[in-house]
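Presented below is the structure to which this report refers.
In our numbering, the protein residues as written are 9 to 335.
Here it is, written out as structure tokens:
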């Protein structure tokens, strides 16, 4: 078996600004696995400091030093990239879509939201109108930077697309009181992702609102579920958790507790977003799909994978991830 790793950096259309940082391009690693019979598999690990432990150079260095999943336990992004490539190759060998290899049984529809990063109110409103024309109805509005400014941005987006629903994400930037003020606008919120930094704050906030609170940064492994009693759901992310199989395990455990699932990403290309869609099918569907980051990039280095009709994503019946690098 041969393993190679290289940087995967594609510029974003706008700066991807969140409460805890910003990026201007994907900071991913691309892993290619070639099995002894010549079968190839592709994997992407997406770094998004400070959410992920690794940045792109760290993940690349780890992959250059280690070639097994066990050796990469301390490097979840690198591990996720390698596991994805290995699973893609295995599913191709077996001639089945990856979601079936992961235990999925139904080809379910996926409707993704679209993310509006923290920009000027006018730019966010402009983007919202453009995405609305493309058919998007669910808007993930980034917040948590400054409450007054965040509310100004939210109202600008609302004025631009009055028929939209909102899935805000504060990346842990709000206090409980600030989160309640944000929700107090009374807009149609389908959920609120990681409004506060700690699990304890998410639990406290959940007791004071009917809007489903979704934990993201607060859940990075199966054992973190115990601290989220009363929190409505969790966000599954391949790079954050260290691989697809860990996502599936955590997703099924959360569902068994009656929790909702979001499937998200860390500013991936079409490769990573396609893999995330396979995980969504493998866990029997998710309540909130946030599989949009490839739409926010200036280029698409891949072909195949998911097929998009506006916000609606479908996966082909091709073996593995059904995706390849453009030639």
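Note that the Cβ used here is the ideal one computed from N, Cα and C, for glycine as well. All of these numbers come straight from a predicted model, not from anything done at the bench.
With a 10 Å radius around its C-beta and 16 neighbouring C-beta atoms as the bar for buried, classify residue i as buried or exposed.
i, result
"residue 9", "exposed"
"residue 218", "exposed"
"residue 105", "buried"
"residue 130", "exposed"
"residue 238", "exposed"
"residue 311", "exposed"
"residue 73", "exposed"
"residue 93", "buried"
"residue 103", "exposed"
Please work out which residues of its chain come closer than 7 Å, Cβ to Cβ, to residue i, disregarding the five sequence neighbours upstream and downstream, and give them in chain order.
i, result
"residue 285", "118, 299, 314, 321, 323"
"residue 98", "109"
"residue 96", "49, 50, 51, 106, 328, 329"
"residue 325", "105"
Measuring straight from C-alpha to C-alpha, what distance separates residue i and residue j?
i, j, result
"residue 149", "residue 175", "7 Å"
"residue 224", "residue 266", "17 Å"
"residue 335", "residue 132", "34 Å"
"residue 55", "residue 67", "8 Å"
"residue 240", "residue 295", "11 Å"
"residue 262", "residue 43", "34 Å"
"residue 290", "residue 101", "19 Å"
"residue 293", "residue 204", "26 Å"
"residue 52", "residue 114", "25 Å"
"residue 260", "residue 77", "22 Å"
"residue 19", "residue 308", "10 Å"
"residue 75", "residue 233", "30 Å"
"residue 288", "residue 306", "26 Å"
"residue 29", "residue 60", "12 Å"
Using C-beta distances below 8 Å, list every residue in its chain close to residue i, excluding the 5 sequence neighbours before and after it, in chain order.
i, result
"residue 17", "33, 34, 35, 36, 64"
"residue 202", "177, 178, 179, 180, 210, 222, 223, 224, 225, 226, 243"
"residue 188", "213, 216, 217"
"residue 332", "50, 310, 311, 312"
"residue 22", "125, 127, 131, 135, 304"
"residue 167", "133"
"residue 249", "84, 88, 228, 229, 255, 258"
With a CB to CB cut of under 6 Å and the five nearest residues on each side skipped, what residues in its chain are close to residue i?
i, result
"residue 207", "226, 235, 236"
"residue 152", "27, 178, 179, 181, 182"
"residue 169", "136, 140"
"residue 196", "173"
Looking at residue i and the ligand FAD, is the gap between the Cβ and the nearest heavy atom below 7 Å?
i, result
"residue 33", "You won't find the ligand FAD in this model; it holds no ligand whatsoever."
Do residue i and residue j have their C-beta atoms closer together than 8 Å?
i, j, result
"residue 13", "residue 50", "no"
"residue 282", "residue 252", "no"
"residue 277", "residue 302", "yes"
"residue 126", "residue 25", "yes"
"residue 193", "residue 159", "yes"
"residue 271", "residue 247", "no"
"residue 336", "residue 165", "With the chain covering 9 to 335 only, the question about residue 336 has no answer from this structure."
"residue 319", "residue 171", "no"
If contact is defined by three or more beta carbon pairs under 8 Å, each pair taking one atom from either stretch, is the stretch 81-93 in contact with the stretch 131-151? no
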